[in-house]
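The working numbering puts the first residue of the sequence shown at 13, with every later residue one more than the last. Note that CB positions come from ideal geometry on N, CA and C, so glycine has one too. Computed from a predicted structure; not experimentally measured.
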Amino acid sequence: MKLDNEELYELLKRRRVSNLFHANTVATSITFIQEGGLLSRQDIEEQSLYQTPQTSDDIDKLFDVFGDIFLDTKDLHKHFSRQNHYGPVLFKLKLELLLDESLEIWVTKDNPIHWGRHSKPEENYFRSVKQLAKEWDNYDIQRKMFTVRKPAKPILFDYLDEIILDNPKVKINDDVSLRKESRKALKKATKRNSQLREILTWRECGHCFCQDNYLNQVQVPELIQKFLPTYHAEFEE
Numbered sequence: 013m014k015l016d017n018e019e020l021y022e023l024l025k026r027r028r029v030s031n032l033f034h035a036n037t038v039a040t041s042i043t044f045i046q047e048g049g050l051l052s053r054q055d056i057e058e059q060s061l062y063q064t065p066q067t068s069d070d071i072d073k074l075f076d077v078f079g080d081i082f083l084d085t086k087d088l089h090k091h092f093s094r095q096n097h098y099g100p101v102l103f104k105l106k107l108e109l110l111l112d113e114s115l116e117i118w119v120t121k122d123n124p125i126h127w128g129r130h131s132k133p134e135e136n137y138f139r140s141v142k143q144l145a146k147e148w149d150n151y152d153i154q155r156k157m158f159t160v161r162k163p164a165k166p167i168l169f170d171y172l173d174e175i176i177l178d179n180p181k182v183k184i185n186d187d188v189s190l191r192k193e194s195r196k197a198l199k200k201a202t203k204r205n206s207q208l209r210e211i212l213t214w215r216e217c218g219h220c221f222c223q224d225n226y227l228n229q230v231q232v233p234e235l236i237q238k239f240l241p242t243y244h245a246e247f248e249e
């Protein structure tokens, strides 16, 4: 359910939302960088580009959101003091993205993985900016997902403020530093784009559970998929 772009922008300004965010893995983020912007999972699949598999892909196809790009209104890593489950790379976008009238913006009431199989669109999406404003506090921040509906093209990095990368402080297979290898991969990917290189930022957490979680809760195969580029010797499909 398409919302009015300008009204949505003004609402977020009133709610003191300053940016939009998209988290992903290092490998998928490199695909974004190579293609010049964020892409939907459907567009990446149709172009036979690489993206890290997600368990939600079948659900996204079922609900016809596989061609959408999902954005948050908060840095969920910082907000919840734990890693973002979609990946350690965070693209921080300017709110002015919403003013691009060529983009159709819908806002969910929950993550599609929680939608009922036979649910109706009005059960899953806000019908208007007025409804979103009225019910804003009734829905947790991570449930209100701003989706760019079937853009069929990259969301260009003209709107990008920062690319933030986690530091997991974990070594795998005795001597492979995920911090070192992931930073090296993003630097290599932005080698020919000085504007992107300049906005690479390394996240350093203090009072946060992410490093303990990476060390004790995330298995090595998943760490490899989240932090290493596809060309790394340790990378596994």
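According to DSSP, is I153 helix, strand or coil? coil
Provide the residue span of the alpha helix (DSSP H) that contains A145, from first to last. V141 to E147
In the DSSP assignment, find the unbroken beta strand (DSSP E) run with N31 in it and report its ends. N31 to N36
Is W118 buried or exposed, if buried means 16 or more other CB atoms sit within 10 Å of its CB? buried
Ignore the nearest five residues each way along the sequence and tell me which others in R191's own chain have a CB closer than 6 Å to its CB. N179.
Quick one: is the Cβ of I45 within less than 8 Å of any heavy atom of the ligand COA? You won't find the ligand COA in this model; it holds no ligand whatsoever.
Extent of the continuous beta strand (DSSP E) to which E174 belongs: L172 to L177
According to DSSP, T213 sits in a beta bridge with which residue or residues? I176
K106 - containing beta strand (DSSP E), residue span: V101 to K106
First and last residue of the uninterrupted beta strand (DSSP E) at V160: F158 to V160
Sub-9 Å separation of L172 and K104 beta-carbons: yes
With L208 and I175 assumed to form a contact (beta carbons below 8 Å), what rounded beta-carbon distance in angstroms separates them? 7 Å
Using the Cβ count rule (16 or more neighbours within 10 Å means buried), how would you classify G79? Classification of G79: buried, given that the 10 Å Cβ count is 16 or more.
Which word fits Q231, buried or exposed, when buried means at least 16 other C-beta atoms lie within 10 angstroms of its C-beta? exposed
Got a sec? Which residues, its chain only, sit under 7 Å from Y98 by beta carbon, not counting five neighbours each side? A35 and N36
With H, G and I counted as helix, E and B as strand and the rest as coil, what does DSSP make of D72? helix
Per-residue DSSP class, three states only, for Y243: coil
Any idea if I125 is buried or exposed, counting beta-carbon neighbours within 10 angstroms, 16 or more meaning buried? exposed
Got a sec? Which residues, its chain only, sit under 7 Å from I42 by beta carbon, not counting five neighbours each side? A197, A201 and P241
Terminal residues of the continuous beta strand (DSSP E) containing L83? I81 to L83
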